[in-house]
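As structure tokens, the structure follows; a few thoughts come after it.
Residue numbers (the working numbering): 3 to 582.
Put into structure tokens, the structure is as follows:
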């Protein structure tokens, strides 16, 4: 049973007073809490609603190469516009797409597709020039905007594209120099704390706090523009002449390690890298691709034999054409037999597999047997002295280090290694190792960066770095050079002969391992030629590589013509007097 109590007017008024008093106390307590205990929080919140932090991009460092004494820009920054849209503000999307296309010359369907994706922000076009931007603004299209952006541009187009790399849409360097030196090139972004109005628009005021962006480092390369252009010309001609898959060439200064050219074909234009579907074209195959070197590696087996004193150019052996190794028989190419009293110069001239196996076994003190001592000493020469199996540290993204089998590998593996089968190396490793022979015993680190211009205006020049002295002795290097001259004058390198000049070099024709299993791919090979000129005072080392040529024959028919053409041009370019 509910009993209703009737209150008088004065009682109701008194209760209302108590309620209002309680509410006032609660409000007061809440205000005190907010003002005293939460003051900093809400002050920051209020400030944040009228303040925005903006990252100010730093100008990316520029990249140059040299044309004589002149610096030529290879990578620059260009201030252009980005065309964007807020589709939620556009009612007539088809009409807007058509109006834009009429101005830009693009396909209106591409614009319409972007506008219909339902996103609040859609990029319609990049790299918009000021002239085109002005025409777009004249259309006064609702929901269409333009914003300034700095774009990487490559004024030389395809020249040196693989060693250069590119900057992607997110502003990150990819491949080559752009990738390897991305942190140096990109600099440090600035920071702007801008006060804004209620609509979020920045207000110009002296109270804005900013951190100025720090420019990226400018880079000047060791690459010579003329040499690079000629290297690209000759490797393209060589690849097309033998209908090969691809080809590469490197030119190095053997007295410093400075790289004068790195060229690959096919190539691409870094200004339009998005149009390239074959990502292999982005890679600098001189550095990133390790391969079995084939007979070109015999040069370094012979170097070990000469330097250790185990053989001389006149040392002879009897060559029956094949040798037994465990259960296997290893033969010379094309069944060649040197016969009795075959000397070491002939081994290189005729590229005899049995001959370099003889040299390798001689390293252990017994030319008739493969001993652990022979394998250990050979491994030491190849890895510790000639630096194979190690990254050179050249300023390129994605450098491969290759594979050199340890001395614990079986005898057959080491016999094969002596003539360049079973191990893998890169072209930059090969060129650097050949440079150590050309300069009579010093291994220089290959390098591409000639100087850095820092944001503070200071310049830092790169000094040649000696990695290893006395790789081989001067007499051993001189003897080996003369043997390599015989290869050119009377052996497989005969097409490299240049009237009036002494040229030294070695061919190599390597099989390609089957990626799906054991053995090698039939009728597929890699041809190489590595040499230097003039032999008595080398000014440059050149290595040429041709992948999967579709003509019969070995490297002398594929790579040597490229080497010869480029070398003859280089001798004229360097104004090298004829050999005495």
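Just so you know, even glycine gets a beta-carbon here, dropped at the ideal spot from N, CA and C.
Span of the beta strand (DSSP E) around residue i
| i | result |
| --- | --- |
| residue 342 | 341-345 |
| residue 147 | 146-155 |
| residue 220 | 220-226 |
| residue 180 | First-last for residue 180: 178-182, but that is the alpha helix (DSSP H), not the beta strand (DSSP E). |
| residue 302 | Looking at the DSSP string, residue 302 is not in any beta strand (DSSP E); the run it does join, the alpha helix (DSSP H), is 300-310. |
| residue 469 | 468-470 |
| residue 427 | Neither: residue 427 is in no beta strand (DSSP E) and is coded neither H nor E. |
| residue 250 | 248-254 |
| residue 321 | 318-321 |
Range covered by the alpha helix (DSSP H) that runs through residue i
| i | result |
| --- | --- |
| residue 81 | First-last for residue 81: 72-87, but that is the beta strand (DSSP E), not the alpha helix (DSSP H). |
| residue 484 | 476-492 |
| residue 553 | It is not in any alpha helix (DSSP H) - residue 553 carries neither H nor E in the DSSP assignment. |
| residue 98 | 95-106 |
| residue 164 | 163-166 |
| residue 382 | 374-382 |
| residue 357 | 355-364 |
| residue 582 | Counting along the chain, residue 582 falls outside any alpha helix (DSSP H), and DSSP gives it neither H nor E. |
| residue 413 | 413-420 |
| residue 328 | Where residue 328 is concerned, there is no enclosing alpha helix (DSSP H), given that its DSSP letter is neither H nor E. |
| residue 290 | 287-290 |
Whether residue i touches residue j by CB criterion (8 Å)
| i | j | result |
| --- | --- | --- |
| residue 509 | residue 521 | no |
| residue 256 | residue 543 | yes |
| residue 361 | residue 411 | no |
| residue 117 | residue 99 | yes |
| residue 483 | residue 531 | no |
| residue 101 | residue 165 | no |
| residue 246 | residue 550 | yes |
| residue 422 | residue 296 | yes |
| residue 374 | residue 342 | no |
| residue 87 | residue 138 | no |
| residue 328 | residue 339 | no |
| residue 179 | residue 189 | no |
| residue 304 | residue 346 | yes |
Identity of the residue in the options nearest residue i by Cα
| i | options | result |
| --- | --- | --- |
| residue 263 | 298, 278, 233 and 451 | 233 |
| residue 481 | 325, 440, 163 and 142 | 440 |
| residue 2 | 580, 284, 103 and 515 | The structure shown has nothing for residue 2, since the chain only spans 3 to 582. |
| residue 335 | 342, 347, 358 and 471 | 358 |
| residue 104 | 130, 141 and 366 | 141 |
| residue 459 | 218, 319, 292 and 375 | 218 |
| residue 414 | 392, 326, 395 and 269 | 326 |
| residue 293 | 304, 249 and 131 | 249 |
| residue 239 | 582, 578 and 548 | 548 |
| residue 536 | 181, 438, 502 and 184 | 502 |
| residue 155 | 252, 557, 25 and 62 | 62 |
| residue 404 | 398, 417 and 390 | 390 |
| residue 541 | 470, 526, 436 and 89 | 436 |
| residue 78 | 169, 113, 89 and 95 | 169 |
Residue environment, residue i, which counts as buried when at least 16 other CB atoms sit within 10 Å
| i | result |
| --- | --- |
| residue 576 | exposed |
| residue 159 | exposed |
| residue 401 | buried |
| residue 364 | buried |
| residue 370 | exposed |
| residue 572 | buried |
| residue 149 | exposed |
| residue 553 | exposed |
| residue 276 | exposed |
| residue 356 | buried |
| residue 580 | exposed |
| residue 523 | exposed |
| residue 582 | exposed |
| residue 574 | exposed |
| residue 203 | A caution first: residue 203 carries a pLDDT of 42, below 50, which makes its placement in the model unreliable, though a value can still be read off. Classification of residue 203: exposed, given that the 10 Å Cβ count is below 16. |
| residue 472 | exposed |
| residue 272 | buried |
| residue 213 | exposed |
| residue 281 | exposed |
| residue 185 | exposed |
Contact with chain B by residue i, beta-carbon distance below 8 Å
| i | result |
| --- | --- |
| residue 365 | You won't find chain B in this structure, because it holds only one protein chain. |
Identity of the residues DSSP links to residue i by a beta bridge
| i | result |
| --- | --- |
| residue 515 | 522 |
| residue 562 | Answer is none; residue 562 lacks a bridge partner. |
| residue 130 | 83 |
| residue 66 | 75 and 222 |
| residue 454 | 221 and 462 |
| residue 406 | In DSSP, residue 406 forms no bridge with anything. |
| residue 216 | 190 |
| residue 271 | According to DSSP, residue 271 bridges with nothing at all. |
| residue 534 | 506 and 543 |
Check: residue i C-beta below 7 Å from any heavy atom of the ligand ADP
| i | result |
| --- | --- |
| residue 434 | You won't find the ligand ADP in this model; it holds no ligand whatsoever. |
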